[in-house]
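Colleague: Position one of the sequence shown corresponds to residue 67 (my numbering), numbered consecutively onward.
All residues carry an ideal CB built from backbone N, CA and C; glycine is no exception.
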Amino acid sequence: MARVRMTREDRHGQLVTLAWTIVREEGADALTLGRLAHAAGITKPVVYSHFPSRAALLVALFEAYDATQTFALEQALDAVEHSLAERARAIATAHVDCVVTHGRELAGVAAALEGAPELADYKRRSDAAYSDRCRSFLEPFAEGALPASTMTAVLGAAEALSAEAAAGNLDTREAYDELTATIVDGVERSRRRVAD
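#1: Could you spell out the range, first to last residue, of the alpha helix (DSSP H) harbouring Pro111?
#2: Take the Cβ of Gly252 as the centre, count every other Cβ of all protein chains shown within 10 Å, and call the residue buried at 16 or more, exposed below.
#3: Need the endpoints of the alpha helix (DSSP H) that Asp144 sits in, please.
#4: Mind pulling the beta strand (DSSP E) runs of 3 or more residues that sit fully within the segment 161–189?
#5: Span of the alpha helix (DSSP H) holding Arg71?
#6: Could you tell me which of Ala96, Val125, Gly79, Tyr242 sits nearest to Ala223, measuring between CA atoms?
#7: Report the three-state DSSP secondary structure of Gly222 (helix, strand or coil).
#8: Do you know whose CA, among Ala142, Ile157, Ala121, lies nearest Val220's CA?
#9: Measuring alpha carbon to alpha carbon, tell me which of Arg155, Thr87, Val175 ends up nearest Leu139.
#10: Less than 8 Å between C-beta atoms, sequence neighbours within five positions excluded: which residues of the same chain meet that for Leu185?
#11: With a cut-off of 8 Å on the beta carbons, I'd call Phe117 and Leu99 a contact; round off their distance for me.
#12: Run the CB neighbour count on Gln135, radius 10 Å, all protein chains shown included, and call it buried at 16 or more, exposed below.
#13: According to the neighbour-count rule (16 or more other Cβ atoms, all chains shown, within 10 Å of its Cβ), is Phe128 buried or exposed?
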């Protein structure tokens, strides 16, 4: 019986899924293009045609995570009323849940991204895009532009609280509550600054 060839898009998806599995089971340091080829049962040139370097593979993993996080954020925001408290809770819940779901493997990929300047630059751009997305949902309640310092505080709290929840050091509900309060407080402080 002849083997059915995967489309390029299907193969790419398979490789990203397998890469996440390797990171989950063996850690980010074990993820190499050769290891990925072996896990997929294909030759290295096929993997290299999708990811010319390990850095490109790591970026692809983070892009997949970004897409998941963006979808979760949009779904959460579509399901709530247009109030600051509801929007803040939706952002907090979506963020914490995404990090907890990806757990240890996300931390490994993020650490690997920050280990090289070109990868760290990608992560900074990704964080800025996420911050801008959240800002667009929160600014109507600030009655003006949310300053970068507020969004930096929100993202810093989101990353720290989510990491603690993913590590099992903090209950997810506590992480949701604290992040929601941080978001609401930041927006309300910005609104008071505009009023002064």
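Modeller: Walking through what the data contain:
#1: 110–116
#2: buried
#3: 120–144
#4: none
#5: Careful: Arg71 lies outside any alpha helix (DSSP H) and carries neither H nor E.
#6: Tyr242
#7: helix
#8: Per the Cα distances, Ile157.
#9: Nearest in C-alpha terms to Leu139, of all of Arg155, Thr87, Val175, is Arg155.
#10: Ala121, Leu124, Val125, Ala178, Leu179
#11: Between Phe117 and Leu99 a beta carbon distance of about 6 Å is seen, short of the 8 Å cut, so the two are scored as contacting.
#12: With 16 or more neighbouring CB atoms inside 10 Å of its own CB, Gln135 falls in the buried class.
#13: Burial call: buried.
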